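Peer 1:
There are 2 protein chains.
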Amino acid sequence: MDQPKPKKTCWAVIGGGNGGHATAGHLGIMGFPVRLYDIVEETVDKLNEQGGIEVEGHVKGFGKLEFATTDIKKALDGADIVMVVAPAIAHKAIAKTLAGSLSDGQILFIHPGATGGALEFKKVLEDEGCRADVLIGEAMSLIYAARLAETGRVRILGMKGELMVAAIPSNKTDSLLEKLNEAYPMMHPGKNVLQTSLENLNAVVHPGPSILNTSMIESGRDWKYYWDGLTPTIGDFAEQIDRERLSVGKIFGLGLKPILEWYVLEYSADGKTLTEAVRNTKAYGSIKGPERVDTRFLLEDIPMGLLPMVELGKLGGADTERMEAVIAMGGFLLGKDLKIGGRNLERLGLDGMSVEEINLYLETGKKQKA
Amino acid sequence: MDQPKPKKTCWAVIGGGNGGHATAGHLGIMGFPVRLYDIVEETVDKLNEQGGIEVEGHVKGFGKLEFATTDIKKALDGADIVMVVAPAIAHKAIAKTLAGSLSDGQILFIHPGATGGALEFKKVLEDEGCRADVLIGEAMSLIYAARLAETGRVRILGMKGELMVAAIPSNKTDSLLEKLNEAYPMMHPGKNVLQTSLENLNAVVHPGPSILNTSMIESGRDWKYYWDGLTPTIGDFAEQIDRERLSVGKIFGLGLKPILEWYVLEYSADGKTLTEAVRNTKAYGSIKGPERVDTRFLLEDIPMGLLPMVELGKLGGADTERMEAVIAMGGFLLGKDLKIGGRNLERLGLDGMSVEEINLYLETGKKQKA
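Residue numbers (our numbering), protein chains in the order written: chain V, 113 to 482; chain S, 113 to 482.
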């Protein structure tokens, strides 16, 4: 294979977990100048020692890094695209960290935003007094399926064939895509960051099904999350949750895609129900279920997924009873109120706004009084 | 073993299921005149053909029946105690059936009442215009653990060492017990039918844990309801539900017993948590889990257990959030609103009453305006 030509666009990857490794490694292999920021000294030291990241699986090679660092200023200096690849529960803290070091013309890309990632980043940057003219965008999910073997070595199991992204304001989504497509030609525009946010399917398949799998999770058995966990009643419940998601989208004029259609698109999953579809999908056979209830399936996908969906739904009378029951049940099982610290309208910078005002804000970035 | 002396008190057992068989068979073995009512012709014909019920296990022998019948008038004629041993969801229909055939001086004993059984019976009899002077009472649970082998043959696995009962009005609980103790010396008085109703532990250990076991239920595996199903998180959740139950009782001045104390009392269950207690209890090892979600664990224990607890709790500001979440989740999983057709305050004859008025009614049977 020919060595790819050196590229100009410089990427700063924020986060050194599964997704951050995969992203930085792959970008390096593609020939982009790339640096990685993480808060863990050991991670950074190991990566600098190696000089990059070993990538296996779907993509193979050694992705050279310019450097890894725990210094956010150094990470951002000279970067064209700042890509956040981190759990959504860390987004707020990351946004605060970034606020003082961003500069005009940079792209801040949340990959993925869970539900409301770009909106929350924008709100935090404003609250922190960040004046840099930064273009903020998000992806509806992570483009990589990846597992860290160890620091500096990652296995990319697969990559999505297409991925929806959007900017806030959405009238700049094309500018965003122009840069992202240099590395990721499969990224394409969504209507706005509410579409990318509401197409967060983790909120559909993680919290509710996990709760209904509590005894399986604690059984000490090896089990398959989708194959064993999405039994007919649980699959049906997930589809009920999905219909609530669609009804939230409808309020904002978004024709969201039902989960079953996504699964057909992504995995050619065959079946009339979600349960049939996942059980007919071989790729799901390798996905193990969690062994504890306190995982991101509840701790992230409830406050950063279901909660903002419920909050948005309230603006237009969507029925989100099932989501609300899951939010409550998750809290009871974990012994904490998952609404506290979650993405409510205020945190998304949308409190006090009507649906029309929100839609205008999503498109133009401007808030005007009604 | 000597043949027991013939006894005088005549019992009419309403219901030919596990509990009805065990009760009628055991009463027959004890020497009481007993007849059994059921709506199924085949059951009645088979019992009449046999002349009684074969009992195995904890109690052994042949319990002679006077007769079995589908004719409620015939069943009740001459009976001193009419004992209803049937699913709580059938109580309302049974009360209507009984209304025209009860006579002065009879005891109507709901065994068990689930939550609000005696109150619902009293309300239906009044609504139906029944003028017979009948003493109504209920037990907090079924005294027998029994499994029907086939019609006419039942295995009694065990009997409770003590069982709380109460009459409505509670100032007649002693009269009730005088008759019941002839056959069941272990029955003892509760404060009133709200105590027997709120000590319904099925509402604590069935609906919530079943929901959290949905994938286990549909796994196709053989599993143990308590040993496998009450994992640490699920046991903890059941204890949370139990604390809500205790707080409902507190409103009515009832010092209910926490579930863990009941388990220690009934099974000498040893453990600091519910999960530890049931896993340390050998008897639970033989109790299999259901293979379908639409069982009495949800269909009965939600509308006839959790729902009336929540309704009663509302009168005094008890926190019943967990019970409400379980009621909602159960409805979503079964695709039906389990509040409809459930025991709300109106159905218990308690709507519009204050806590004080209810307590007075429970003691005297009289409703007086505030």
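Quick reminder that beta carbons are idealized off the backbone N, C-alpha and C, glycines included.
This structure is a prediction, so every number in the text was calculated from the model and none was measured.
Under three-state DSSP, which class holds Y337(S)?
Peer 2: Reduced to three states, the DSSP call for Y337(S) is coil.
Peer 1: For A482(V), decide whether its Cβ has a neighbour in chain S, counting only Cβ atoms nearer than 7 Å.
Peer 2: Residue confidence for A482(V) is low, a pLDDT of 46 falling below 50, so the modelled location carries little weight; the figure read from the coordinates is stated next. Chain S, which has no Cβ nearer than 7 Å to the Cβ of A482(V), makes this no.
Peer 1: Measuring alpha carbon to alpha carbon, tell me which residue in L188(V), G137(V), E154(V), F364(V) is nearest Q218(V).
Peer 2: It is L188(V) whose Cα lies nearest to the Cα of Q218(V).
Peer 1: Suppose you measure from the CA of L368(S) to the CA of T308(S); what does that come to, to the nearest Å?
Peer 2: Going by the C-alpha atoms only, they are around 9 Å apart.
Peer 1: Quick one: which chain V residues come within Cβ less than 8 Å of S340(S)?
Peer 2: It should be noted that the sequence gives Asp, not Ser, for residue 340(S). Residues of chain V passing the Cβ test: S327, S331.
Peer 1: Whole angstroms is fine: what's the gap from E262(S)'s alpha carbon to M328(S)'s?
Peer 2: Looking at the two C-alpha atoms, the distance is approximately 28 Å.
Peer 1: How many Å lie between I201(V) and H223(V) at the Cα?
Peer 2: Near 13 Å, if we compare the C-alpha coordinates of H223(V) and I201(V).
Peer 1: Going by Cα to Cα distance, which pick from A136(S), K362(S), K119(S), I371(S) is closest to G264(S)?
Peer 2: G264(S) has its Cα closest to that of A136(S), out of A136(S), K362(S), K119(S), I371(S).
Peer 1: Under 8 Å, with one C-beta from each stretch per pair, do the region 388 to 397 of chain S and the region 459 to 469 of chain S reach the 3-pair mark?
Peer 2: Too few Cβ pairs lie closer than 8 Å, so no.
Peer 1: Determine the DSSP secondary structure at H170(S), reduced to helix, strand or coil.
Peer 2: Coil at H170(S), not helix or strand.
Peer 1: What residues in the region 429 to 450 of chain V have a beta carbon less than 7 Å from any beta carbon of chain S?
Peer 2: For the region 429 to 450 of chain V, which is checked against every Cβ of chain S, the residues closer than 7 Å are E433, R434, A437, A440, M441, F444, L445.
Peer 1: Of all the CB atoms in chain V, is at least one closer than 7 Å to the CB of V405(S)?
Peer 2: Cβ-Cβ to chain V under 7 Å: yes for V405(S).
Peer 1: So for I255(S), helix, strand or coil by DSSP?
Peer 2: Coil, per DSSP.
Peer 1: Please list, in chain order, the chain V residues whose beta carbon lies closer than 9 Å to that of L324(S).
Peer 2: The answer, in chain order, is I323, L324, N325, T326, S327, M441, L445.
Peer 1: Do the CB positions of A207(V) and F174(V) come within less than 7 Å of each other?
Peer 2: Not a contact, by the Cβ cut-off of 7 Å.
Peer 1: Cα-Cα, which of G228(V), M195(V), G229(V), P199(V) is closest to L214(V)?
Peer 2: Taking only the C-alpha atoms, the option nearest L214(V) is M195(V).
Peer 1: Is there a C-beta anywhere in chain S that falls below 7 Å from the one on I206(V)?
Peer 2: No, I206(V) lies away from the interface with chain S (no Cβ there is under 7 Å from its Cβ).
Peer 1: Taking 7 Å as the CB-CB cut-off, is T345(V) touching chain S?
Peer 2: Judged by the 7 Å Cβ criterion, T345(V) is in contact with chain S.
Peer 1: If the criterion is Cβ atoms closer than 7 Å, does the pair L247(S) and K284(S) meet it?
Peer 2: In contact: L247(S) and K284(S) (Cβ atoms closer than 7 Å).
Peer 1: Based on the DSSP output, what are the partners of F221(S) in its beta bridges?
Peer 2: F221(S) is bridged to M195(S), G249(S).
Peer 1: Note the first and the last residue of the continuous alpha helix (DSSP H) segment covering A124(S).
Peer 2: Element bounds for A124(S): not the alpha helix (DSSP H) but the beta strand (DSSP E), 123 to 126.
Peer 1: Which residues in the same chain as T432(V) place their Cβ atom closer than 6 Å to its Cβ, once the five residues preceding and following it in sequence are excluded?
Peer 2: Excluding residues within five positions, the ones whose Cβ falls inside 6 Å are E356, V422, G425.
Peer 1: So E274(V) and M298(V) are supposed to be a Cβ contact under 8 Å. How far apart are they, rounded?
Peer 2: Right, the Cβ-Cβ distance comes to about 5 Å (below 8 Å), so this counts as a contact.
Peer 1: Three or more beta-carbon pairs under 8 Å between the region 398 to 414 of chain V and the region 311 to 318 of chain V, yes or no?
Peer 2: Short answer: they touch.
Peer 1: On the DSSP bridge list, what partners appear for K479(S)?
Peer 2: Its beta-bridge partners do not exist; DSSP assigns none.
Peer 1: Looking only at its chain, what residues have a beta carbon closer than 6 Å to the beta carbon of A226(V), apart from the 5 residues adjacent to it on each side?
Peer 2: Closer than 6 Å at Cβ, skipping near neighbours: A200, N312, M416, G417.
Peer 1: Report the residue ranges of all beta strand (DSSP E) runs contained in full by the region 282 to 362 of chain S; include only those spanning at least 3 residues, in chain order.
Peer 2: For the region 282 to 362 of chain S, whole beta strand (DSSP E) runs of length 3 or above, ordered along the chain, are 299 to 301.
Peer 1: Is it true that the CB of D245(V) sits closer than 7 Å to the CB of L216(V)?
Peer 2: Residue identity differs from the one stated: residue 216(V) is Asp in this sequence, not Leu. A contact, by the Cβ cut-off of 7 Å.
Peer 1: With a CB to CB cut of under 6 Å and the five nearest residues on each side skipped, what residues in its chain are close to A258(V)?
Peer 2: Once the five neighbours on either side are set aside, the close Cβ partners of A258(V) are N130, A134, V266, I268.
Peer 1: With distances taken between CB atoms, is the gap from A440(V) to A437(S) smaller than 7 Å?
Peer 2: Yes, the pair counts as a contact, with Cβ atoms nearer than the cut-off.
Peer 1: Looking only at C-alpha atoms, which of V146(V), T209(V), A251(V) sits nearest to A272(V)?
Peer 2: Residue identity differs from the one stated: residue 272(V) is Lys in this sequence, not Ala. Among V146(V), T209(V), A251(V), the Cα nearest to that of K272(V) belongs to A251(V).
Peer 1: Counting only Cβ pairs nearer than 8 Å, list the residues of chain S close to Q352(V).
Peer 2: Going along chain S in sequence order, the residues near Q352(V) (Cβ under 8 Å) are F444.
Peer 1: Have a look at D382(V), G228(V), L306(V) and flag the residue whose alpha-carbon is nearest the alpha-carbon of I363(V).
Peer 2: Here the closest residue by C-alpha is L306(V).
Peer 1: If you reduce the DSSP assignment to three classes, tell me which class D179(V) lands in.
Peer 2: Note on identity: in this sequence residue 179(V) is Phe, with Asp being the wrong assignment. Strand at F179(V).
Peer 1: Is G397(S) near W339(S), with beta carbons less than 7 Å apart?
Peer 2: Cβ distance < 7 Å, so G397(S) and W339(S) count as in contact.
Peer 1: Just to make sure I have the definition right: I need the residues of chain V whose C-beta is within less than 9 Å of the C-beta of F349(S). Which are they?
Peer 2: T326, M441, F444, L445, listed in chain order.
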